[in-house]
Amino acid sequence: MDIRHAMNATRVSYTLESTLASVNKAEQAAMELAAKSGFDEDECGRVSMAVREATVNAVLHGNRYDATKRVTISFETTPEALTVSVRDEGEGLDTANIPDPLAPENLLKQSGRGIFLIRAFMDEIRFRALSPGTEITMIKFVRGPNRDGSKEATQ
Amino acid sequence: MTMKASSRKVDGVTIIDLSGRITLGEGSVVLRDTVKDISSKGEKKILLNLGDVTYIDSSGIGELVSAYTSVRNAGGELKLLNLTKKVHDLLQITKLYTVFDVQDDEASAIAAFNR
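Listed in order, the protein sequences are those of chains A and B. Read in our numbering, the first sequence has 138 at position 138, and its numbers run on one by one without any break. Heads up: take any position in the second sequence, counting from 1, add 1000, and you land on our numbering.
Quick look at the structure:
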């Protein structure tokens, strides 16, 4: 675990193995940091589930449980927001072609709801292609979405 | 907390009482194996009691969907009982609330199978 303090911001990052234990650890860390950021119990639950889903994607679909690959999770807390980045070392994610789990033909599929739930529970999300791997960054504002009501990513 | 499952039969309906977390890994596997085992015995009326399920993730939701479709494909019926607020909200967000027959009361749920 690496902890850094900057102006009004605290950053914590974890480098984890591609295992289910890492998923639980990420979820737990998210729950604790969300509580420290001032989110209520329901919001903490949503943030920790979003982080859990992102870490499951990294471990399962990104790194495919490869023992030589790591998942890096970074949390940044400021008075305004909690920002979480989850990075894998996998082959990459085709973000343009993520199926809609609410479409009638997908409603009864067993999988494919993780990113949908992340979008539902966080205020902003964005993906970045790495070489190799994918990084998903999720932001939850302490007092809801941007003051102007926009939920669009700014980057 | 890991997931536990136990089953009992009331008026021809097999009730599976679940407790703990239904998540990727052990929880999902316990649910899958339990439903599979009961279905393989020819049981057609299955009621999943989720009253003590504290947490469910997208894998757990997927496992509920899979249980629903596999029981239905075998000519049976699967209903859900006693959703916590968290599980209820997740099923609403994912539009599955209308897919499942969700019951709040065990006696009514059993009656609904035997209607």
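The beta carbon of each residue, even a glycine, is placed where N, CA and C say it ideally should be. Since the structure is predicted, the reported quantities are computational estimates derived from the model, not experimental observations.
- Task: Taking only the alpha-carbon atoms, compute the straight-line gap between residue 1050 of chain B and residue 1040 of chain B and give it to the nearest angstrom.
- Result: Cα to Cα, the separation comes out at about 22 Å.
- Using a Cβ-Cβ cut-off of less than 8 Å, give me the residues of the segment 17-39 of chain A that come near chain B, in sequence order. Cβ contacts with chain B come from 20 and 23.
- Task: Tell me, please, whether the segment 49-60 of chain A touches the segment 17-37 of chain A by the rule of three or more beta-carbon pairs shorter than 8 Å.
- Result: yes
- Message: Since residue 59 of chain A and residue 18 of chain A should fall inside the 8 Å C-beta cutoff, what is the C-beta to C-beta distance between them, to a whole number of angstroms?
- Response: 5 Å
- Message: Could you check if residue 139 of chain A belongs to the surroundings of the ligand COA, using beta carbon to heavy atom distance under 7 Å?
- Response: The ligand COA is not part of this structure, which contains no ligands at all.
- Item | chain A contact residues for residue 1066 of chain B, given Cβ-Cβ distances below 8 Å | Under a criterion of Cβ atoms nearer than 8 Å, the residues of chain A adjacent to residue 1066 of chain B are, in order, 110.
- Beta carbon proximity, residue 120 of chain A to chain B, threshold 8 Å: yes
- Give me the Cα-Cα distance between residue 111 of chain A and residue 97 of chain A, rounded to the nearest whole angstrom. 15 Å
- Item | Short CB-CB distance (under 8 Å) between residue 86 of chain A and chain B | no
- Which residues of chain A have a Cβ atom closer than 8 Å to the Cβ of residue 1099 of chain B, listed in chain order? Neighbours of residue 1099 of chain B on chain A, chain order: 107 and 108.
- Item | Interface partners of residue 1058 of chain B on chain A, CB under 7 Å | 53, 113, 114 and 117
- Task: Anything in the segment 1069-1088 of chain B with a Cβ closer than 8 Å to a Cβ of chain A? List those residues in chain order, please.
- Result: 1069 and 1086
- Message: In this structure, how does DSSP classify residue 17 of chain A when only helix, strand and coil are distinguished?
- Response: strand
- Task: Might you give, ordered along the chain, the residues of its own chain that have their beta carbon closer than 8 Å to the beta carbon of residue 1016 of chain B, omitting 5 neighbours on each side?
- Result: 1005, 1006, 1007, 1034, 1035, 1038, 1046, 1047, 1048 and 1049
- Just the C-alpha distance for residue 36 of chain A and residue 76 of chain A, rounded to the nearest angstrom, thanks. 12 Å
- Item | Cβ distance (whole Å) where residue 13 of chain A is taken to contact residue 31 of chain A below 8 Å | Between residue 31 of chain A and residue 13 of chain A the Cβ distance is about 17 Å, and since that is not below 8 Å, they are no contact.
- Message: Please tell me whether residue 105 of chain A and residue 132 of chain A are closer than 8 Å, where the distance is taken between their beta carbons.
- Response: no
- Which stretch, first to last residue, makes up the alpha helix (DSSP H) that contains residue 1033 of chain B? 1026-1040
- Beta-carbon neighbours of residue 56 of chain A, restricted to chain B and to distances below 8 Å: Contacts between residue 56 of chain A and chain B, judged by CB atoms closer than 8 Å, involve 1024, 1057, 1058 and 1059 in chain order.
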